[in-house]
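Residue numbers (full-length UniProt numbering): 1 to 559.
All residues carry an ideal CB built from backbone N, CA and C; glycine is no exception.
One structure below.
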Amino acid sequence: MKLRLGVRGSALALARSEFVAGRLRDAGHEVEVVQVTTEAADASHMADGYSVLSFAGELRDALRDGKCDVVVHSHKDLPLSNYPEDLTIAAVPKRGDHRDVLVSLSGRPLAALPRKSRVGVSALRRMAQVRALRPDLTFVEVGGTAEERFRRVEPGDLDAIVISAIAAKSLGHEGRIAEYLPILPAPGQGALALECPRDASDVIEALSVIDDIETRICVEAERAVLTGLHTTYLAPVGAIASRRGVLGLKAGVFSVDGTKRVVLEIGLPTSHLHAERTGHNVANALLQRRADRFIAPEVLANVDLNAEQVDPESMFVESAADDDRVRVLLPRLEGRLATSLRSNGLRVDCVTLQEGKLIAADNLMRGADWVVIPSGQTMWALRERGWDIPDGAKVAAMGTTTQQIVEEAGYTVTLCPEGTASSQRLVEMFPPAEGDQRVVIPGPRQLSTKLEEGLRDKGYAVERNEIYSMEDVAEIEPELRAKWDAGTWDAILLSQPSTAEAYINVLGNRDDVLALAWDDETASVLEAAGVPVFETAKSKDVYGVAALARALKGHFNRE
């Protein structure tokens, strides 16, 4: 059968249509791709740019006018209600990559973006979730086609953009992906919908060969979260479903400022008939937890990307004048430790006093039984060198943030302690060595010997593979110097010995700022330099963070 496939004329839409056309041709059909002239650019779900009705409407007009037999929609572009009686979704092909990615200058991941970096976003959902991870960034609304957004990542404009993985891959930009982001996607993201007239039985039959019932069920459940919340794709709502006999549905509603969220996850036996009900049940559970306060029309209507954000002249997220929380400086990239400190009621600013620099090194990982990745920075160094973790080697990660970065690079992590990095807890997870088992630890020159010593005690042959060095920055930001000299912070937390040395050498100790240490080795460096240590973490986990927070709040009487 010959099928005329209607599609919008953007590069991304044409790439999607070629994927569908290829599937249909493989099924024995003749396919002609018909470009439909539209006024709308690629989807933007920001408050002032929500135009989903025009995306679907212009394609549907072409379908009704007989210009094509079937049209290809991104599922995100389909309205959630008032479905036309004369049309039907004849096929939902197997979903592509549903994730969101970061594309940045020089391939920097989110944690390594400098403060005040300008990040382009086209959805409140993306902005809210990324802002929760990096509240010190400046978010800029970007519209236009996906290609136009990619072109804006250049010096003097945007430092990075957040965009769907499927867009990056479809347009040939997979190599520019800096990171797969740990955020919930939009309902239906990565999925397509093929629409045709309801009475076109021959077209419906032809399209049925590429209909994927699993994707259809998952997308219906995800979209039902939005209808159950009585909102639209405009809202900062994410959802993702998977189905392997049981429907797993995870959904979340987020405050635009990134400070609050309500996230739920369920797993229930379900069928196509119950997908919508499952989505509505999750939505009801979210509403019972007052998630609607984040998506009220008056809240979304007042979103202004140019107001109440990071001061463009400041590298720090400023607190309100009446905010009396203890303010802590953390010389470390944004990550699990900073998030945990904030969850304990502290005001945290992260700064960089060191940077990684590659050093001469040989690849010792070949033939290893285990490769231990001590930090996300190590994955950066491996990527810069073009080194892969060898096939057959089991991988261990020092903490969950590092695990996430390792898995995003395409590796499976066998062992990882929950929470922040801890060599002791990772060693405890390793089974006793059986026979001659070799462990290689690629990492910085400054890495503590605790990990290798602990693994040797368990019978492993351990080799350090020093591949980079953490060096003090040549100069610090003038604003950091000014604020430090002005006594902006109540305390500083040093997380490792080399960072403590950088603090002393680059920033300089202040007697009126309490110094905290994340472990005994770091405390020893501080004390040797004459810096009094107010408190050392009792354990490198959430309990240790909580104890530090209690000690600080008690000292300043800010319980």
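- For the 8 Å CB-CB criterion, residue 93 and residue 192 form a contact.
- According to the DSSP secondary-structure assignment, residue 465 is paired through a beta bridge with 442.
- DSSP links residue 448 through a beta bridge to no other residue.
- Residue state for residue 287 is assigned as helix, using DSSP reduced to three classes.
- In the three-state reduction of the DSSP assignment, residue 154 falls in the coil class, being assigned neither a helical nor a strand state.
- For residue 215, the enclosing alpha helix (DSSP H) starts and ends at 213-228.
- A residue is called buried once 16 or more other Cβ atoms fall within 10 Å of its Cβ, and residue 278 is buried on that count.
- For the 8 Å CB-CB criterion, residue 179 and residue 109 form a contact.
- Of the residues assessed, residue 424 falls on the exposed side of the cut-off, its CB having fewer than 16 other CB atoms within 10 angstroms.
- Closest option to residue 105, judged by alpha-carbon separation, among 124, 177, 130: 177.
- Short of 7 Å from the beta carbon of residue 284, and not among the five residues preceding or following it, lie these beta carbons of its own chain, in chain order: 228.
- The segment 151-169 and the segment 116-130 touch, with no fewer than 3 CB-CB distances between them shorter than 8 Å.
- The beta carbons of residue 330 and residue 506 sit no closer together than 8 Å.
- Judged by DSSP secondary structure, residue 367 falls outside any alpha helix (DSSP H); it is assigned neither H nor E.
- In the three-state scheme derived from DSSP, where H, G and I count as helix and E and B as strand, residue 98 is classed as coil.
- Nearest to residue 124 by C-alpha distance, out of 112, 16, 303, is 303.
- Annotation: the continuous alpha helix (DSSP H) that includes residue 485 extends over 478-485.
- Residue 512 places its beta carbon less than 8 Å from that of residue 487.
- Scanning 466, 299, 399 for the CA closest to the CA of residue 427 turns up 399.
- Between the segment 458-470 and the segment 353-362, the count of C-beta pairs closer than 8 Å reaches three or more; the two stretches touch.
- Boundaries of the alpha helix (DSSP H) around residue 204: 201-207.
- Residue environment analysis places residue 209 among the exposed positions, since fewer than 16 neighbouring C-beta atoms fall within 10 angstroms of its C-beta.
- The residues 462, in chain order, have a CB closer than 8 Å to that of residue 456 in the same chain once the five nearest residues on each side in sequence are set aside.
- At the C-beta level, residue 373 and residue 406 come within 8 Å of one another.
- Positions of the beta strand (DSSP E) runs, each at least 3 residues long and wholly inside the segment 351-435, are given as 354-358, 370-373, 394-397, 413-415 in order along the chain.
- As a beta-bridge residue in DSSP terms, residue 349 pairs with 329.
- In this structure, the CA atom of residue 275 is about 33 Å from the CA atom of residue 144.
- Shown here, residue 474 sits in coil according to DSSP, grouped into three states, outside any helix or strand.
- The C-beta separation of residue 556 from residue 490 comes to about 6 Å, placing the pair in contact by the 8 Å criterion.
- Note that the C-beta distance between residue 6 and residue 63 is below 8 Å.
- The Cβ-Cβ distance between residue 59 and residue 206 does not fall below 8 Å.
- Looking at 81, 10, 213, the one whose alpha-carbon comes closest to that of residue 72 is 10.
- DSSP places residue 166 in the uninterrupted alpha helix (DSSP H) bounded by 165-170.
- Comparing alpha carbon positions, the residue from 299, 434, 18, 151 closest to residue 256 is 299.
- Under DSSP, residue 250 forms a beta bridge with 240, 265.
- Note that the C-beta distance between residue 146 and residue 101 is not below 8 Å.
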